[in-house]
Each structure stands twice: as structure tokens, then as C-alpha cells.
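Asker: Residue numbering for the sequence shown follows the working numbering, beginning at 15 and increasing consecutively.
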Amino acid sequence: MSDLIAGVCPVLSVPFTDSGEVDYESFESLVKWIISTESKSVLFFGVASENIKLSDPERYKLLEILLETRKGSGLKVIASVADHASELAVKRARDYEAMGADLINILPPSFFNPNAEQIRFHLAQILAAVKIPVVIQHLPQAGGMADVADLLTLADEFPNLKIVKCESNPPADSIKRVAEITKGKVQTLIGWGGIFWDSGDAAGAKGIQPGCGVTDLYKWSEAALVAGDRTEFLRRLNTFIPWITSWIGNLELLIAVEKHILFRRGIIKSDYCRHPTMAITDKARAEIEECLALIAKVEAGNG
């Protein structure tokens, strides 16, 4: 089976103006920059996109811009459906498919702690509603299906369930179980900033979905991995992944830091985050400066 999604698949940020409005021009600039990094796919409307802070008209317009901007680039777009209500999730998934998304990502409902049967119903409704490949996030820390095997029963009924994003921490056991139970028919990705990239890759995951602020550093690491030089892969990864590990301890901090890095790099015009947000700590600011210095070194060929 060829891999639908492999390697570095960044989660796109949504730029805002200093007054908190969506900056569509900066978003287009961001998409063009991601394409320039030779990324082969993106996830949109993830946590890093501040999805819960967007209105529906904003979501649809942003997706239109993404799909238009990526034309001719070969970039695959995974559009995420995170509605709590199954009826709304089905409508959104169908809309995104009709607009031209390549895959649908499902973030299972977690509000009021739905049980495994309720979550399975929700997932099945969406899988039945679309023909394109589907990614399901396995996020046991959010409740519901603690065992990844529970959702894999859906793969027998719905052949468009192609990928599970394993986000248990660490994810290696879940990754191995997906491969064993589905006999390799369902592939795996890992999220959580790629902080478990090494062990996740060794367990069989096909790629990672980190934030997009340092996509080129992830691609720099990936180049060594693809070349078969695991020692160099780990050396490169360990130059920046400790910062990601530090920031991801608070997701609002990670979002703010990623946007600040994009702003400092001139990719977006403002690092504004919609509220509630978190101020960047002094420690994180110092780490940002180190990160920007590393980016400059890598760009100069001295990484």
C-alpha cells in the first residue's frame, strides 16, 4: 500500500490582524511559504489553527484560499471536522469534500465525555457521508475510546478509513497495534509537535503533524531520515525538539510562540492570537531567539 500521507505534514496557523480579524492575505503568504518548503501535505483547522476561535464563514473562506493557492503544487489538503454534533459534522465533511479537500480529518467529540458507543456512531456517520479518505485522531487523553482497537473495528465497515493519528503519549504502542490489527491497511501519523518522532517512526508511523512555524527545521530533519542516516536525523531533531517539548506543555503558549516565529520571519504580518490566549513567557522568548538563530544557520548551510 502506498502512503497517502508521509513525512512532515504541518498544521496551518491562521493569521489575524492586530485588531483580531482574519488576515487572509497573510494566510495566502503562509500557504505559499509552506509550499516552498516542499511539504507534500497540510492539515487545516487543527488546534494550532485556533479552530475553536473561528466562525464558519471564516473557515470556509480560508479553506477556499488554501485550495486555490495550492493548485498545481501537488500539496494535499487534509480538512479537519471537529463539530461535536454528528449532524453538523456530516454536513461539514460533505462540504469540504465538495470544495476539493483531499482527505477529511475527524476530531472525535469530547464535550460531556461521550462514551465509546456514542463516539463510534459519530465517526461512522462521517465515514459513511464521504468518499474521500478519512483520518481519525485517537486522542485518549480527551476521553472516550481509550483503546485504539475500539475505533479500528470501523475499518472493516468503511474502506475509506485510511489513517489513524495516534496522539497517546507516547504513541508507539498504539502505532504498532493499528498495524497489527488492520494488517497494515490503515497507516498512522503522530501529532503532538513531533516530540515522539523518533520512537513513532521506529514503531511504523508514516509521518508527523506538527505546527507550521518551523516547518523547514522539521523538513531538514526529515531529509536525513529519508537518506537513511538516523544518527544525523536525531542530531538535527534534537537541536530544536527540546524547545517544542517545552512549549507544548501549554497549547496556548505553543500557538503564540509558533505565530510569533512566523511573524518574526516575515511570513505573516502579526502574531496576534484571539483570546483567551497566553502571553509568551520570558523563558520561551529566550528559546525563540535560539530557534531563530538555528534557522539562520540551517538556511546558510551551517546547521
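Beta carbons: idealized from backbone N, C-alpha and C, even for Gly.
All of these numbers come straight from a predicted model, not from anything done at the bench.
Check each candidate in Lys297, Glu246, Gly280 and Glu272 and name the one with the smallest Cα separation from Gly317.
Answerer: Out of Lys297, Glu246, Gly280 and Glu272, Glu246 has the C-alpha closest to the C-alpha of Gly317.
Asker: Quick check on the burial criterion: 16 or more other C-beta atoms within 10 angstroms. Buried or exposed for Ala270?
Answerer: buried
Asker: Return the residue from the list Ala93, Gly208 and Leu276 that minimises the CA-CA distance to Pro147.
Answerer: Ala93
Asker: Measuring alpha carbon to alpha carbon, tell me which of Gln139, Met159 and Gln151 ends up nearest Pro128.
Answerer: Met159
Asker: With a CB to CB cut of under 8 angstroms and the five nearest residues on each side skipped, what residues in its chain are close to Lys190?
Answerer: Ala217 and Gly218
Asker: Within 10 angstroms of the Cβ of Lys85, are there 16 or more other Cβ atoms? Answer buried if so, exposed if not.
Answerer: exposed
Asker: Rounded to whole angstroms, how far is the Cβ of Ala20 from the Cβ of Gly205, which I believe are closer than 8 angstroms?
Answerer: Contact flag wrong, Cβ pair sits at about 15 angstroms.
Asker: In or out: Pro123 buried (at least 16 other Cβ within 10 Å) or exposed?
Answerer: buried
Asker: For Glu318, I'd like the list of residues in its chain whose CB is within less than 6 angstroms of its CB, leaving aside the five on either flank, ordered along the chain.
Answerer: Here the chain comprises residues numbered 15 to 317, so residue 318 is not present and cannot be evaluated.
Asker: Between which residues of its own chain and Met15 is the CB-CB distance below 6 angstroms, once the five residues before and five after are set aside?
Answerer: Per-residue confidence for Met15 stands at a pLDDT of 49, beneath the threshold of 50, marking its modelled position as unreliable; the derived number appears in the next sentence. None.
Asker: What would DSSP say about Ser284, mapped onto helix, strand or coil?
Answerer: coil
Asker: What's the gap between the Cα of Pro24 and the Cα of Val312?
Answerer: 19 angstroms
Asker: Per DSSP, which residues does Ile120 bridge with? Please list them.
Answerer: Val95 and Ile150
Asker: Three or more C-beta pairs closer than 8 angstroms, one from the segment 69-79 and one from the segment 28-42: is that the case here?
Answerer: yes
Asker: Would you mind sorting Arg249 into buried or exposed? The rule is 16 or more other CB atoms within 10 Å of its CB.
Answerer: exposed
Asker: Looking at the structure shown, is Asn316 part of a helix, part of a strand, or coil, going by DSSP?
Answerer: coil
Asker: Look up Lys179 in the DSSP assignment and say whether it is helix, strand or coil.
Answerer: Strand at Lys179.
Asker: Let me check one thing: in DSSP terms, what residues is Val4 bridge-paired to?
Answerer: Outside the shown range of the chain, which is 15 to 317, sits residue 4, and nothing can be said about it.
Asker: Quick check: Leu268 and Trp261, are their CB atoms within less than 7 angstroms of each other?
Answerer: In this structure, Leu268 places its C-beta atom within 7 angstroms of the C-beta atom of Trp261.
Asker: Assuming Phe58 is part of the beta strand (DSSP E), what are its boundary residues?
Answerer: Note, Phe58: beta strand (DSSP E), Ser55 to Phe58.
Asker: Look up Thr202 in the DSSP assignment and say whether it is helix, strand or coil.
Answerer: strand
Asker: DSSP three-state call for Gly218: helix, strand or coil?
Answerer: coil
Asker: Once DSSP output is grouped into helix, strand and coil, what is the label at Gly114?
Answerer: coil
Asker: I'd like to know whether the C-beta atoms of Lys179 and Leu203 end up nearer to each other than 7 angstroms.
Answerer: yes
Asker: Identify, in the order they occur along the chain, each residue of the same chain with its Cβ nearer than 7 angstroms to the Cβ of Thr229, setting aside the five sequence neighbours on each side.
Answerer: Val22, Pro24, Ile48, Thr51 and Ser53
Asker: For Gly263, write down the residues that DSSP places opposite it in a beta bridge.
Answerer: BP columns for Gly263 are empty, so no partner.
Asker: Give the straight-line distance between the Cα atoms of Glu266 and Ala169, rounded to the nearest whole angstrom.
Answerer: 34 angstroms
Asker: Per DSSP, what are the beta-bridge partners of Gly227 in this structure?
Answerer: Answer is none; Gly227 lacks a bridge partner.
Asker: In whole angstroms, what separates the C-alpha of Ala307 from that of Asp116?
Answerer: 36 angstroms
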